[in-house]
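S.K.: Pasting in a structure now, in structure tokens, and then I'll have a few things to ask.
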Amino acid sequence: MKILIIGTGYVGATTAMVFAEIGWQVTGLDIDAGKIERLKKGQLHFHEPGLEDLIAKHVQSGRLRFTTDKAAAIKEHDVIFLCVGTPSLPDGSADLRYVGQAAEDIGRLMKGYKLVVTKSTVPVGTQEQIKKWIEAAQQTAYPFDVASNPEFLREGKAVEDALHPDRIVIGTDSQRATEQLKKLYWSFSCPWIVTTPRTAELIKYASNSFLATKISYMNELARLCDELEVNVKEIAEGMGLDPRIGPSFLQAGLGYGGSCFPKDVSELVTTSRKHHVNLRILEGVTEVNRMQYAYLLDKVRSRLSGFAGKTVAVLGLAFKPDTDDIREAPALRIIDQLLLEQASVQLYDPIASLPGNAAYQAVKFCTSAEDALKGADAIILCTEWPEFAQLDWKKAKKLLKQPNLFDGRNMMDAKRLRALGYYYQGIGSGY
Ligand code: UDX
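If you read the sequence shown in my numbering, its first letter stands for residue 1, the second for the next number, and so on.
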């Protein structure tokens with residue numbers, strides 16, 4: 001079996017790497033010629049630890065190739081994975097334009113049986129829609145199957161997650177498709193869930209929304225912890241030892257960002273409303289997350305008696321460490337608000353950069369954390385990059401105008417910093 005991956009973004013590039021690692025012949029197809037040219041040289045257009053090396057290895061071995069030639073690629077491959085983007089529309093639902101385009105291309109250009117597998121996160125019912133799109137575009141009724149096979153990759157850990165999945169979910173009505181997919185993933189020994197397309201699609205949304213729920217729950221609890229002078233980290237530790245709860249995704253902070261959680265929670269809420277079901281818990285999850293950045297900013301504003309004329313050092317821009325992704329990053333909301341209230345902003349992130357638009361021209365983008373701290377009235381830590389914990393905070397204090405440290409990720413040792421003379425506040429750090 002030869003595998004075609006349509007869409008060579010984050011999901012597509014990782015999926016291509018996985019199948020090449022397993023031993024299959026894989027082709028990546030994209031309409032973006034620039035991306036394809038780089039990938040042909042084994043270069044990645046985004047930051048993901050370890051992925052570029054594996055892609056380069058397989059480009060060199062000849063197991064992985066890249067192309068922009070749709071017609072030849074669709075004709076030559078039996079199994080096609082859809083890994084195109086599904087951004088949010090203004091009403092919160094997923095934009096299926098790229099999925100629709102790929103399905104239409106497949107229908108129009110196929111010359112024999114195809115198995116079309118969706119990796120992209122798509123709303124419940126999309127497999128049925130893909131079937132219709134392909135049929136509508138076909139001139140000859142060649143047979144095909146569709147299947148949903150959602151990914152559960154974390155940015156920054158995509159290689160590890162993709163090569164050691166904790167489950168493989170397959171949603172299809174076709175026995176032939178199930179057998180083919182089992183063959184494709186022959187080397188993986190994790191649990192399998194073989195189910196209907198709708199179930200597979202919903203498993204992905206339900207998983208991401210549940211993780212987002214854990215985070216918002218802890219973030220709301222953190223506010224209570226501040227009032228009760230209790231540390232939310234200790235609460236999380238005590239809760240996490242219960243195996244029914246588990247220790248992960250209990251870190252209170254500035255809230256979740258990234259390309260998945262905000263988009264997936266909002267899509268699930270929108271789809272549910274269309275089916276006359278109000279997911280009240282998830283509506284609350286979104287609301288808590290939307291306002292979490294403001295909770296920390298309130299603390300900073302009150303400490304500084306307003307932002308006008310003050311200099312604020314923002315450490316970290318990416319929505320989480322080990323990525324340069326700034327989509328839905330809480331740091332951006334913080335910077336927007338600081339600028340609106342006429343603070344001078346000095347920003348540092350090890351790899352992420354600001355969007356090139358005029359709104360951010362006033363931000364001083366620094367090349368080191370120390371640089372960003374110079375003359376600052378307060379520091380706001382927005383991303384838990386390990387290098388921030390390793391900074392020489394004793395020396396750093398001398399660079400500051402006022403030693404105010406607001407830790408949006410609860411990553412620092414509060415006691416130590418207070419002993420060094422910092423005014424330290426986390427989110428739910430208790431006092
Ligand atoms: C997520 C899912 O984990 C993954 O399975 C899915 O396929 C895509 O979405 P990702 O967006 O890469 O992955 O990031 P993740 O590590 O899950 O973190 C998401 C956000 O939640 C980040 O902004 C992170 O800072 C935040 N978070 C995470 C918390 O605020 N607290 C936590 O305890 C954990």
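Each residue gets a CB set at the ideal place from its N, CA and C atoms; glycine is no exception.
1. To the nearest angstrom, how far is the alpha carbon of Glu76 from that of Glu52?
2. Heavy atom of the ligand UDX less than 7 angstroms from the Cβ of Glu155, yes or no?
3. As an exercise, report each continuous beta strand (DSSP E) stretch of at least 3 residues that is fully enclosed by the stretch 312–380, in chain order.
4. Is any non-hydrogen atom of the ligand UDX found closer than 7 angstroms to the C-beta of Gly258, if you look at the structure I gave you?
5. Would you mind working out which of Glu151, Leu317 and Ala102 sits nearest Ala137, comparing C-alpha positions?
6. Can you list the beta strand (DSSP E) stretches of 3 or more residues lying completely in the stretch 145–183, in chain order?
7. I'd like to know whether the C-beta atoms of Lys224 and Met239 end up nearer to each other than 8 angstroms.
8. Thinking just about the alpha-carbon of each residue, which of Arg65, Gly7 and Glu48 is nearest to the one in Val26?
9. Is Ala200 near Val169, with beta carbons less than 8 angstroms apart?
10. Output the residue ranges of the beta strand (DSSP E) runs that lie fully inside the stretch 65–97 and measure 3 residues or longer, sorted by chain position.
11. How would you label Gly255, buried or exposed, when you count the other beta carbons within 10 angstroms and need 16 or more for buried?
12. Spatial neighbours of Gly42 within its chain, please: CB distance less than 6 angstroms, with the 5 preceding and 5 following residues excluded, ordered by chain position.
13. Give me, in chain order, the residues of the same chain whose beta-carbon lies closer than 6 angstroms to that of Gly504; leave out the 5 immediate sequence neighbours on both sides.
14. My parser needs the beta strand (DSSP E) runs of 3 or more residues fully inside the stretch 190–231; what are they?
15. Quick one: is Ile193 buried, meaning 16 or more other Cβ sit within 10 Å of its Cβ, or exposed?
16. Taking 7 angstroms as the cut-off, is the C-beta of Glu160 nearer than that to any heavy atom in the ligand UDX?
17. Using the C-alpha atoms, what's the distance from Ala141 back to Ala331?
18. Do the stretch 279–296 and the stretch 105–123 meet, that is, are 3 or more Cβ pairs less than 8 angstroms apart?
19. Is it buried or exposed for Cys260, if we count other Cβ within 10 angstroms and need 16 for buried?
20. Would the C-beta of Glu48 count as close to the ligand UDX, meaning under 7 angstroms from any of its heavy atoms?
21. Return the residue from the list Glu328, Gln361 and Asp32 that minimises the CA-CA distance to Ser344.
22. With a threshold of 7 angstroms (Cβ to nearest heavy atom), would Glu151 be considered close to the ligand UDX?
23. Out of Glu220, Ala372 and Ala419, which one is the CA nearest neighbour of Ala294?
24. Can you tell me whether Ile281 is buried or exposed? The criterion is at least 16 other CB atoms within 10 Å of its CB, across all chains shown.
25. Under the three-state reduction of DSSP, which class applies to Phe406: helix, strand or coil?
26. Note down, one range per segment and in chain order, each beta strand (DSSP E) of at least 3 residues found wholly within the stretch 12–58.
27. Quick check on the DSSP output: the alpha helix (DSSP H) that includes Leu297 runs from which residue to which?
28. Report yes if the C-beta of Phe261 is less than 7 angstroms from at least one heavy atom of the ligand UDX; otherwise report no.
29. Measure the beta-carbon distance from Ala252 to Met291 and round it to whole angstroms, keeping in mind my assumption that it falls under 8 angstroms.
30. Between which two residues does the beta strand (DSSP E) containing Leu115 stretch?
31. Can you tell which of Ile334, Ser368 and Leu153 has its C-alpha closest to the C-alpha of Asp298?
32. If we count Cβ pairs, one from each stretch, closer than 8 angstroms, do we get three or more for the stretch 201–211 versus the stretch 177–191?
33. Please classify Tyr10: does DSSP put it in a helix, a strand, or coil?
34. Does the distance from the C-beta atom of Ile80 to that of Ile31 stay below 8 angstroms?
35. For Arg176 versus Asp145, is the C-beta distance shorter than 8 angstroms?
36. Taking only heavy atoms of the ligand UDX into account, decide whether any of them is closer than 7 angstroms to the Cβ of Ile215.
M.R.: Result, derived from the coordinates:
1. Taking the first residue of the sequence shown as position 1, residue 76 is located at position 76. Taking the first residue of the sequence shown as position 1, residue 52 is located at position 52. Straight-line Cα distance between these residues: approximately 26 angstroms.
2. In the sequence shown, residue 155 corresponds to position 155, counting from 1. Indeed, a heavy atom of the ligand UDX lies less than 7 angstroms from the Cβ.
3. Entirely contained in the stretch 312–380, the beta strand (DSSP E) runs reaching 3 residues are, in chain order, 344–348.
4. Here the question's residue 258 lines up with position 258 in the sequence shown. The closest heavy atom of the ligand UDX lies less than 7 angstroms from the beta carbon of Gly258.
5. As a working note, residue 137 is residue 137 in the sequence shown. Nearest neighbour of Ala137 by Cα position, chosen from Glu151, Leu317 and Ala102, turns out to be Ala102.
6. If we require 3 residues or more, the beta strand (DSSP E) runs fully inside the stretch 145–183 come out as 168–171.
7. As a working note, residue 224 is residue 224 in the sequence shown. As a working note, residue 239 is residue 239 in the sequence shown. As written in the sequence, residue 224 is Leu, which differs from the Lys given in the question. Their beta carbons are not under 8 angstroms apart, which means Leu224 does not touch Met239 by this criterion.
8. On the sequence shown, residue 26 is found 26 positions in, with the first residue counted as 1. Just measuring C-alpha positions, the residue of Arg65, Gly7 and Glu48 sitting nearest Val26 is Arg65.
9. Counting from 1 along the sequence shown, the entry for residue 200 is found at position 200. Counting from 1 along the sequence shown, the entry for residue 169 is found at position 169. Cβ distance < 8 angstroms, so Ala200 and Val169 count as in contact.
10. Complete beta strand (DSSP E) runs here, min 3: 79–82.
11. Start at 1 with the first residue of the sequence shown, and residue 255 comes out as number 255. Buried, because 16 or more other Cβ atoms sit within 10 Å of the Cβ of Gly255.
12. Residue 42 sits at position 42 when you count from the first residue of the sequence shown. Short of 6 angstroms from the beta carbon of Gly42, and not among the five residues preceding or following it, lie these beta carbons of its own chain, in chain order: Ile55, Ala56 and Val59.
13. This structure does not reach residue 504, given that the chain is present from 1 up to 431, and the question cannot be answered.
14. Whole beta strand (DSSP E) segments, 3+ residues: 192–195.
15. Along the sequence shown, read from residue 1 onward, the residue named residue 193 stands at position 193. Burial call: exposed.
16. Position 160 of the sequence shown holds residue 160. At a cut-off of 7 angstroms, the beta-carbon of Glu160 does not count as near the ligand UDX: no heavy atom of the ligand is closer than that.
17. Along the sequence shown, one-based indexing puts residue 331 at 331. Along the sequence shown, one-based indexing puts residue 141 at 141. Whole-angstrom Cα-Cα distance: 51 angstroms.
18. Verdict: no, contact absent.
19. In the sequence shown, the residue the question calls residue 260 occupies position 260. Classification for Cys260: buried.
20. Residue numbering aside, residue 48 sits at position 48 when the sequence shown is read from its first letter. Here the distance from the Cβ of Glu48 to the nearest heavy atom of the ligand UDX is not below 7 angstroms.
21. Locating residue 344 in the sequence shown gives position 344, counting from the first residue. If you compare the alpha carbons of Glu328, Gln361 and Asp32 with that of Ser344, the shortest gap goes to Gln361.
22. Within the sequence shown, residue 151 is the residue found at index 151, counting from 1. Indeed, a heavy atom of the ligand UDX lies less than 7 angstroms from the Cβ.
23. Position 294 of the sequence shown, counting from 1, holds the residue named residue 294. Checking every option, the nearest Cα to that of Ala294 belongs to Glu220.
24. Mapped onto the sequence shown, residue 281 falls at position 281. Under this definition Ile281 is an exposed residue.
25. Along the sequence shown, read from residue 1 onward, the residue named residue 406 stands at position 406. Phe406: strand per DSSP, three-state reduction.
26. Those beta strand (DSSP E) runs which fall completely within the stretch 12–58 and span 3+ residues are 25–29.
27. Position 297 of the sequence shown, counting from 1, holds the residue named residue 297. Run containing Leu297: Arg280 to Leu304, per the alpha helix (DSSP H) assignment.
28. Here residue 261 corresponds to residue number 261 of the sequence shown, with the count starting at 1. Flag set: Cβ of Phe261 near the ligand UDX.
29. Here residue 252 corresponds to residue number 252 of the sequence shown, with the count starting at 1. Here residue 291 corresponds to residue number 291 of the sequence shown, with the count starting at 1. Incorrect: roughly 14 angstroms between the Cβ atoms, too far for contact.
30. In the sequence shown, the residue the question calls residue 115 occupies position 115. For Leu115, the uninterrupted beta strand (DSSP E) run begins and ends at Lys114 to Thr118, by DSSP.
31. Within the sequence shown, the letter at position 298 stands for residue 298. For Asp298, the closest C-alpha among the options Ile334, Ser368 and Leu153 is that of Ile334.
32. Between the stretch 201–211 and the stretch 177–191 there are fewer than three inter-stretch CB-CB distances shorter than 8 angstroms, so the stretches are not counted as touching.
33. The count along the sequence shown starts at 1 and reaches residue 10 at position 10. Tyr10 carries a helical assignment under DSSP once its states are collapsed to helix, strand and coil.
34. Numbered from its first residue, the sequence shown carries residue 80 at position 80. Numbered from its first residue, the sequence shown carries residue 31 at position 31. Contact: no.
35. As a working note, residue 176 is residue 176 in the sequence shown. As a working note, residue 145 is residue 145 in the sequence shown. A contact, by the Cβ cut-off of 8 angstroms.
36. For the purposes of this step, residue 215 is identified with residue 215 of the sequence shown, where counting begins at 1. Yes, the Cβ of Ile215 comes within 7 angstroms of a heavy atom of the ligand UDX.
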